[in-house]
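Numbering (UniProt numbering), first residue to last: 1 to 305.
Glycine included, every Cβ here is placed at the ideal spot set by N, Cα and C.
All figures in this text were calculated on a predicted structure; none of them were measured in a lab.
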């Protein structure tokens with residue numbers, strides 16, 4: 001499956017295949033997923049051409065495997081069609097399989113959806129999914145977490161998932177809107193001395209770079225020197241931490257989300273942080289100050305045990 005580099009990167013290539021990729025059946029898979037019950041056999045319409053009947057069994061088996069529908073060419077499913085011919089149409093002389101018309105394919109998908117009490121993804125479902133994503137992102141802003149939760153939601157609602165690109169676009173917009181929401185609230189609540197401190201960290205001189213670099217250092221041991229360094233870091237973080245204690249609860253984020261945003265400061269350099277819009281960079285730094293202070297407290301407690 002081709003990946004558009006301009007879209008949000010959520011999954012690796014192998015994960016894309018696992019979640020959304022066309023199923024590649026082993027012989028054991030074929031015997032399982034193409035083993036039709038009497039009720040499934042009754043769905044095959046007598047008026048269909050043989051190729052349409054074969055295609056229906058293919059769609060049905062793939063749907064049972066992945067709860068999705070796929071577009072595929074005859075060349076991609078040679079082994080699967082051979083199995084279906086041998087199992088259900090062993091006396092057929094004509095084994096020239098051709099993909100049926102688009103309308104036939106869609107009608108078959110509707111039959112399969114009705115049989116399994118599923119429905120197709122549509123505009124209304126997309127609006128509902130956007131609202132669900134807006135709630136999930138406050139629990140965790142990790143794109144893969146949001147994706148898994150959305151897939152779980154659709155499965156519970158018996159909705160056939162859309163393409164991976166739809167999730168990329170939806171989650172990308174969700175994250176952007178969440179950053180905008182947080183940024184607006186932060187700038188409305190920002191205290192002058194806190195803004196001054198954050199601005200100094202992102203300044204072009206090396207002071208902010210050195211400050212963040214020092215804060216990222218974990219203690220090597222529990223020696224007096226290392227403990228003293230941790231105490232110094234707490235003092236440096238205190239103004240930002242105190243503001244975070246007052247302000248972070250107002251934006252209704254989980255601790256998991258705060259940890260995620262804090263981890264971005266660990267991941268990005270100060271040079272990279274400067275390239276974000278200012279309110280977003282401020283928010284990442286505040287999350288980091290809040291989370292890092294708790295980590296240092298834990299380190300100091302361990303040192304005293």
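Taking residue i as part of the alpha helix (DSSP H), name the residues at either end of that continuous run.
{"i": "residue 192", "result": "192-201"}
{"i": "residue 183", "result": "164-189"}
{"i": "residue 117", "result": "No alpha helix (DSSP H) holds residue 117; DSSP gives it neither H nor E."}
{"i": "residue 267", "result": "255-267"}
{"i": "residue 28", "result": "27-33"}
{"i": "residue 40", "result": "38-41"}
{"i": "residue 81", "result": "78-88"}
{"i": "residue 18", "result": "13-20"}
{"i": "residue 248", "result": "That residue, residue 248, is in no alpha helix (DSSP H); it is neither H nor E in DSSP."}
{"i": "residue 57", "result": "50-66"}
{"i": "residue 272", "result": "270-273"}
Can you name the residues that DSSP bridges to residue i?
{"i": "residue 160", "result": "Paired residues: none, contrary to the question."}
Among the options, which has the Cα closest to the Cα of residue i?
{"i": "residue 62", "options": "132, 282, 26, 184", "result": "26"}
{"i": "residue 147", "options": "193, 20, 106, 80", "result": "20"}
{"i": "residue 71", "options": "271, 79, 83, 55", "result": "55"}
{"i": "residue 166", "options": "182, 186, 268, 122", "result": "122"}
{"i": "residue 198", "options": "236, 33, 44, 267", "result": "236"}
{"i": "residue 110", "options": "69, 33, 173, 283", "result": "69"}
{"i": "residue 233", "options": "213, 13, 29, 262", "result": "213"}
{"i": "residue 195", "options": "279, 94, 98, 7", "result": "279"}
{"i": "residue 129", "options": "183, 155, 31, 272", "result": "155"}
{"i": "residue 127", "options": "33, 76, 169", "result": "169"}
{"i": "residue 76", "options": "117, 97, 88", "result": "97"}
{"i": "residue 243", "options": "189, 277, 255", "result": "189"}
{"i": "residue 49", "options": "13, 34, 95", "result": "95"}
{"i": "residue 84", "options": "45, 193, 33", "result": "33"}
{"i": "residue 104", "options": "246, 47, 277, 201", "result": "47"}
{"i": "residue 185", "options": "275, 125, 246", "result": "246"}
{"i": "residue 40", "options": "296, 64, 30, 182", "result": "64"}
{"i": "residue 30", "options": "152, 82, 45", "result": "82"}
{"i": "residue 175", "options": "201, 204, 145, 187", "result": "145"}
{"i": "residue 183", "options": "135, 45, 276", "result": "276"}
{"i": "residue 270", "options": "200, 255, 296, 256", "result": "200"}
{"i": "residue 231", "options": "204, 295, 265, 285", "result": "295"}
{"i": "residue 272", "options": "106, 38, 117, 202", "result": "202"}
{"i": "residue 265", "options": "274, 125, 285, 256", "result": "285"}
Under the assumption that residue i contacts residue j (Cβ atoms under 8 Å), give the Cβ distance between them as a whole number of angstroms.
{"i": "residue 293", "j": "residue 260", "result": "Incorrect: roughly 17 Å between the Cβ atoms, too far for contact."}
{"i": "residue 141", "j": "residue 177", "result": "Between residue 177 and residue 141 the Cβ distance is about 12 Å, and since that is not below 8 Å, they are no contact."}
{"i": "residue 57", "j": "residue 113", "result": "Wrong, their Cβ atoms sit about 16 Å apart, outside the cutoff."}
{"i": "residue 287", "j": "residue 258", "result": "5 Å"}
{"i": "residue 150", "j": "residue 133", "result": "6 Å"}
{"i": "residue 158", "j": "residue 120", "result": "The pair is not a contact, with the Cβ atoms about 11 Å apart (cut-off 8 Å)."}
{"i": "residue 115", "j": "residue 36", "result": "The Cβ separation is near 11 Å, so there is no contact."}
{"i": "residue 171", "j": "residue 10", "result": "7 Å"}
{"i": "residue 51", "j": "residue 100", "result": "6 Å"}
{"i": "residue 282", "j": "residue 262", "result": "Incorrect: roughly 13 Å between the Cβ atoms, too far for contact."}
{"i": "residue 23", "j": "residue 66", "result": "6 Å"}
{"i": "residue 253", "j": "residue 138", "result": "5 Å"}
{"i": "residue 143", "j": "residue 8", "result": "6 Å"}
{"i": "residue 59", "j": "residue 108", "result": "6 Å"}
Does the Cβ of residue i lie closer than 7 Å to at least one heavy atom of the ligand ZN?
{"i": "residue 284", "result": "For the structure depicted, the ligand ZN is absent and the ligand set is empty, with no information on it obtainable."}
Can you find a C-beta in chain D that's less than 8 Å from the C-beta of residue i?
{"i": "residue 107", "result": "The question asks about chain D, but that chain is absent: this structure has only one protein chain."}
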